[in-house]
Amino acid sequence: MSHGMQETKMNGKKQPERGHASPLPVETSDVPQLPWRMDGNVKEFHLIAEPVKQEIFPGRVVDLWGYNGSAPGPTIQVNQGDRVRIIVDNHLPEATSMHWHGFEIPNEMDGAPGSSQDPIPPGGRFVYEFTLHQEGTYFYHSHMAMQEMMGMIGAFIMHPKEPYKPRADKDFAIIMQEYAILSNIKVPNSMNMEFNWLTFNGKAGPATTPLIVRHGDRVRVRLINLGMDHHPIHLHGHTFVVTGTEGGRQPQSTWGPGNTVLVGVAQARDIEFVATNPGDWMLHCHLPHHMMNQMSSTVGPMSRRPGMPTGEGMEEGMGILRQGSATSDENGPSLGRGMGVGSTAEQTISNSPLKGEGQTPHEGMPGMQMAQPDVSKDANSVPGFPQDALMEGPAMAMDQMVEKPENFGLRPGWSGFMAGMMTFVRVLPPDKYDHIMELRKKQEGNKPMKMDMPGMEHKHE
Ligand SMILES: [Cu+2]
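Going by my numbering, the sequence shown wraps up at 1082, each residue one higher than the last.
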């Protein structure tokens, strides 16, 4: 048996079994919980589809579409067997429709526009109501073309009638999204497939929020993916078991050990492990491009060379051709292809405009003297080195900019090494854990209560 399946009884603590009445709430850091009110025996929620300004990274506020001011939308948590009503208002400039992904509900509540209902027009409303007999990690999302690529998804957790065994001490959900946003623009290009912003719960590393757990806790992380890519999510320092999918809990006999789980598009995967190994452990998508921020072929020396089309416009930078072939001399450099005169010249220059003495972007131009690279300095002095090797530690770190209780006590400079779909699972000794929880409480106390719906309280019954 994998150690991921041990019962939680470390540190001598013994915890009472939780009854059906009070499920362990799922934490979705950086994403609000959706409040509800009871109308008789119906749990009523209110979602507003609307444009949102989302700071996905310090100083990078982008225009997304989401729900109730957030992309991803707020997390809905219900109990198996609940009767649920969700009022969906459309404040978008175009029609929308809400799909309840994987829900076994009547067809007319499925949110398939054109077949199960009319699209909800701008300014319109649709009221969904159903009884939920399932349990597990589900999600809701717009079912109108391309709207999910603008941010329109949210987690929908159905807590089981009978608590899962073994019980978890911590339960988190992470929604994975990806956007193609040029450096000089704020709106995602939902057609483009070169995603350069990759987020966990609407934040790109290091702005993501670490999962804080106590040494010995049994931890559940629910991973939800709705985008154009599949994400192999990898956890350092621990072995986990996959305990559920987007279809609910899996029988224990199917739980195999692993440290990387592929979360495909439109899928959810629940992983569980016992946090036996103290330390700050990375949790991240392992696609190299998904551990980066703001990757773009329209910045850097290639875009600064006179006569080169790179950086001239969105079409060229994003690889959309208006004329010529992709491998022509005119288009080669902008598309990153190693053909033609342009790319040959490109190979003679460093990819770093900032480092390497006596070397400016222009010195790689044909007919100009190229400084001899000094390979003893760093990778940036190697001609044509394919990436920016300046991201080399505290110089680029932004620890202060992303300061929050959950980051307290991390190694100085940590933030210089975290980007994209990346965060930590921090396995902490009790005193450090308690300290961070204290800090968090204080911070929450200072925040004004953000209530989207007056009179509606979020309570766990
Ligand atoms: Cu990925």
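Glycine is no exception: its CB is placed at the ideal position from the N, C-alpha and C atoms.
Quick one: grab the DSSP three-state call for F724.
F724 falls in the coil class under three-state DSSP.
Should E715 go down as buried or exposed, given a rule of 16 or more other Cβ atoms within 10 Å for buried?
So E715 ends up on the exposed side.
Rounded distance between the beta-carbons of P740 and S718, thought under 8 Å:
For S718 against P740, the beta-carbon gap comes to about 5 Å, under 8 Å, which counts as contact.
Contact test: L685 Cβ vs ligand 1 heavy atom, cutoff 6 Å
Ligand 1 has no heavy atom closer than 6 Å to the beta-carbon of L685.
So V886 and L847 are supposed to be a Cβ contact under 8 Å. How far apart are they, rounded?
That pair is a contact at about 7 Å.
Bridge partner(s) assigned by DSSP for T758
Among the bridge pairs identified by DSSP, T758 is matched with I778.
Considering only residues of the same chain and omitting the five flanking positions on each side of P927, which have a CB-CB separation below 6 Å?
At P927, the pLDDT of 47 sits below 50, so the modelled position is not reliable; the number obtained from the coordinates is stated separately. Taken in chain order, the list of residues that qualify is empty.
By Cβ distance below 7 Å, which residues in the same chain neighbour H910 in space, the five residues on each side in sequence not counted?
In the same chain as H910, and ignoring 5 residues on each side of it, the C-beta atoms closer than 7 Å to its own belong to M916, in chain order.
Within 10 angstroms of its Cβ, does M923 collect 16 or more other Cβ (buried), or is it exposed?
In this predicted model, M923 has a pLDDT of only 44, less than 50, meaning its place in the structure is not dependable; the value taken from the coordinates is given anyway. Result: buried.
For a test of your reading of the model: does the CB of H905 fall under 6 Å from any non-hydrogen atom of ligand 1? Yes or no.
No, the beta carbon of H905 sits no closer than 6 Å to any heavy atom of ligand 1.
Between the Cα of V1046 and the Cα atoms of H851, Q873, L883, H859, which residue gives the shortest distance?
Among H851, Q873, L883, H859, the Cα nearest to that of V1046 belongs to H859.
Is M797 helix, strand or coil when you go by DSSP?
Residue state, collapsed to three classes: strand.
Since L655 and P695 should fall inside the 8 Å C-beta cutoff, what is the C-beta to C-beta distance between them, to a whole number of angstroms?
The beta carbons of L655 and P695 sit about 4 Å from each other, so the pair counts as a contact at 8 Å.
Neighbourhood of P743 by C-beta, 8 Å cutoff - its chain only, sequence neighbours within 5 removed
So the qualifying residues of the chain are N711, H712, L713, P714, E715, A716.
So, do the stretch 722-729 and the stretch 683-701 have three or more beta carbon pairs nearer to each other than 8 Å?
The way I'd put it, the stretch 722-729 doesn't touch the stretch 683-701; fewer than three beta-carbon pairs between them come closer than 8 Å.
Could you check where the alpha helix (DSSP H) with M1058 kicks off and where it finishes?
From DSSP, the alpha helix (DSSP H) with M1058 extends over 1051-1067.
Per-residue DSSP class, three states only, for M1042
The answer is coil: DSSP assigns M1042 none of H, G, I, E or B.
In terms of residues, what are the limits of the beta strand (DSSP E) holding L883?
In the DSSP assignment, L883 falls within the beta strand (DSSP E) that extends over 881-884.
Contact the stretch 897-908 vs the stretch 764-772: 3+ CB pairs below 8 Å:
Short answer: they don't touch.
Measuring CA to CA, which of Q1064, L856, V882 is closest to G865?
In this structure, V882 is the residue among Q1064, L856, V882 with its C-alpha nearest to the C-alpha of G865.
Could you check if L883 belongs to the surroundings of ligand 1, using beta carbon to heavy atom distance under 6 Å?
Distances from the CB of L883 to the heavy atoms of ligand 1 are all 6 Å or more.
If I follow the unbroken beta strand (DSSP E) through P695, where does it start and stop?
694-700 is the span of the beta strand (DSSP E), which, as asked, contains P695.
If P1033 sits next to D1020, beta carbons under 8 Å apart, how far is it from one beta carbon to the other, in whole angstroms?
Going by Cβ atoms, the distance from P1033 to D1020 rounds to 6 Å, so yes, they are a contact pair.
Best match in Q888, Q873, P872, H907 for proximity to N880 [C-alpha to C-alpha]:
Comparing Cα-Cα distances from N880 to each of Q888, Q873, P872, H907, the minimum goes to H907.
Using a threshold of 6 Å, is the CB atom of L847 nearer than that to any non-hydrogen atom of ligand 3?
Here the bound small molecules are ligand 1; ligand 3 is not part of this structure.
I'd like the list of long-range same chain contacts for E648, defined as Cβ closer than 6 Å, with 5 residues on each side in sequence excluded.
Hits under 6 Å: F793.
Closest by CA to I802, which one among F678, I697, K1062, I854?
Comparing Cα-Cα distances from I802 to each of F678, I697, K1062, I854, the minimum goes to F678.
E815 to Q738 span [Cα, whole Å]
Each residue's CA atom was taken as its position, placing E815 and Q738 some 33 Å apart.
Using a Cβ-Cβ cutoff of less than 7 Å, which residues in the same chain neighbour N914 once the five nearest sequence positions on both sides are dropped?
Cβ neighbours of N914 beyond the five flanking positions: F678, W818, A825, A1040, G1041.
Could you pull out every residue in the same chain whose Cβ sits closer than 6 Å to the Cβ of I833, ignoring the five residues on either side in sequence?
Result list for I833: E1027, R1047, I1057, in chain order.
T969 by DSSP, collapsed to three states: which one?
Legend: pLDDT at T969 = 37, less than 50; position of this residue unreliable, no value from coordinates given.
One question on the structure: do R835 and Y1054 come within less than 7 Å of each other, judged by their Cβ atoms?
Contact flag set, yes.
Taking the beta carbon of T875 as the centre, do at least 16 other beta carbons fall within 10 Å, making it buried, or is it exposed?
Exposed: under 16 other Cβ atoms inside 10 Å.
Starting from A889, trace the beta strand (DSSP E) both ways and give me its first and last residue.
A889: member of the beta strand (DSSP E) spanning 889-895, first to last residue.
With 16 other CB atoms within 10 Å as the buried threshold, where does P1050 fall?
Answer is exposed; the Cβ neighbour count stays below 16.
Please work out which residues of its chain come closer than 7 Å, Cβ to Cβ, to E893, disregarding the five sequence neighbours upstream and downstream, and give them in chain order.
Taken in chain order, the residues that qualify are G625, A789, R839, V840, R841, F861, V862, T864.
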